[in-house]
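Position 156 of the sequence shown, counted from 1, bears residue number 156 in the UniProt record's numbering, the numbering being contiguous throughout.
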Amino acid sequence: MQIYFIKSGFNSYGGTFNEPFRYLGNIISDRFRTEGVEFPFKEIEIILALFSNKPKGKDKEIYNDWFNKLPRFYRGKNILSVTLPVFANEKSLEDIFQLIYRGFELIFAKKKKDDLYDIEKVKQVLSLLEIELQNTDLRKLNEEYESLLYQEALTRRTEDRKERENRSVENKKAIRDLRFYYHFENIGYRYFDPYDSEICDKILNKLRDRKFKLPDYTHLYIQVSDSFENSLYNTVRNENCYVCGIAVLKDYKDYQKKKEEEKKRIE
């Protein structure tokens, strides 16, 4: 079972607590597993809906009506979701645990008779964890979890690639799309415009001319970064219509300073 803390705002959704609290969902999930706390769901989402003054006119009326009806509770087959009203971003560990306790109190209030988890044990585990974290170097712990989860992700990506390499599937799907996605620190997604799109279009047209076929997907997305590991890390596959390739580009920092003819090659 995995716990996620997700931030939500007016016309925005995604992200979690800021550092050094970013991996608190993983920390709590791990602690529950260690202590034998089991919930009848694969995922618990605690969504933090931060109040906004941005909406105007009719939008404001609709938004305020929605916000005033919070908290919201949803229970599916494998997921439980709680949306809490929040009026300020978290600033301390105490702020965060107050949100966590609020979320779990709502979960406890909706507990079904056949849910086997012990409410008092859950409260105790959370309380003891809060005390423990108050005496912990949170930035160091954040770095440890970041490294651990990075390595776990690389292992999963590698296993997925090996599985695809070892299967026997006829190449019968015509390629429909080819894209480059770049992942560099402090580099925007339009950094290589317009030449990245031009290169993709040229390659795609040549592949189509040669009637290039793919197994059971139609799109190729090339993940580009400054190392093989960073490129591999970003080969997340959420749909079956595409697979991700990997490319490494080390000389990217001075790209904007190059002459136009050099920029066209992106190398």
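Don't be surprised by glycine CBs; every beta carbon is placed ideally from N, CA and C. Note that the coordinates shown come from a computational prediction; the quantities given were computed from them, not determined experimentally.
Three-pair Cβ contact test at 8 Å for the segment 160-167 versus the segment 127-140: no
Less than 8 Å between C-beta atoms, sequence neighbours within five positions excluded: which residues of the same chain meet that for residue 231? Around residue 231: 183, 223, 224, 225, 246, 247, 248.
With a Cβ-Cβ cutoff of 8 Å, do residue 108 and residue 126 count as a contact? no
With respect to the alpha helix (DSSP H) encompassing residue 200, which residues constitute its N-terminal and C-terminal limits? 195-209
Going by CA-CA distance only, name the one from 86, 198, 192, 238 that's closest to residue 48. 86
Look up residue 231 in the DSSP assignment and say whether it is helix, strand or coil. helix
By Cβ distance, which residues of its chain are closer than 7 Å to residue 250, with the 5 residues on each side in sequence left out? 226
On a Cα-Cα basis, can you pick out the residue from 214, 218, 229, 96 that is closest to residue 153? 229
Considering only their Cβ atoms, is the gap separating residue 221 from residue 241 smaller than 8 Å? No.
Considering only their Cβ atoms, is the gap separating residue 204 from residue 178 smaller than 8 Å? Yes.
Using only alpha-carbon positions, find the residue among 43, 10, 40 that is nearest to residue 51. 10
Where the alpha helix (DSSP H) containing residue 155 begins and where it ends: 138-166
Determine, for residue 63, whether the minimum Cβ-Cβ distance to residues of chain D falls below 8 Å. The displayed structure is made up of one protein chain only, and chain D is not part of it.
Please give me, in chain order, every unbroken run of the alpha helix (DSSP H) with length at least 4 that falls completely inside the segment 24-90. 24-34, 57-68
Per DSSP, cross-strand counterpart(s) of residue 224: 182, 247
Tell me the residue span of the beta strand (DSSP E) that contains residue 8. 2-9
By the DSSP assignment, the alpha helix (DSSP H) with residue 107 in it spans what residues? 93-109
Let me know if residue 322 comes out buried or exposed under the rule of 16 or more other beta-carbons within 10 Å of its beta-carbon. Outside the shown range of the chain (1 to 267) lies residue 322, about which nothing can therefore be said.
Is residue 214 helix, strand or coil by DSSP? Correct three-state label for residue 214: strand.
Drop a sphere of 10 angstroms on the beta-carbon of residue 158, count the other beta-carbons inside from all chains shown, and report buried for 16 or more, exposed for fewer. exposed
Can you list, in chain order, the residues of its chain whose CB lies under 7 Å from that of residue 219, leaving out five sequence neighbours each side? Residues of the same chain with a CB within less than 7 Å of the CB of residue 219, apart from the 5 flanking positions on each side, are 176, 177, 241, 242 in chain order.
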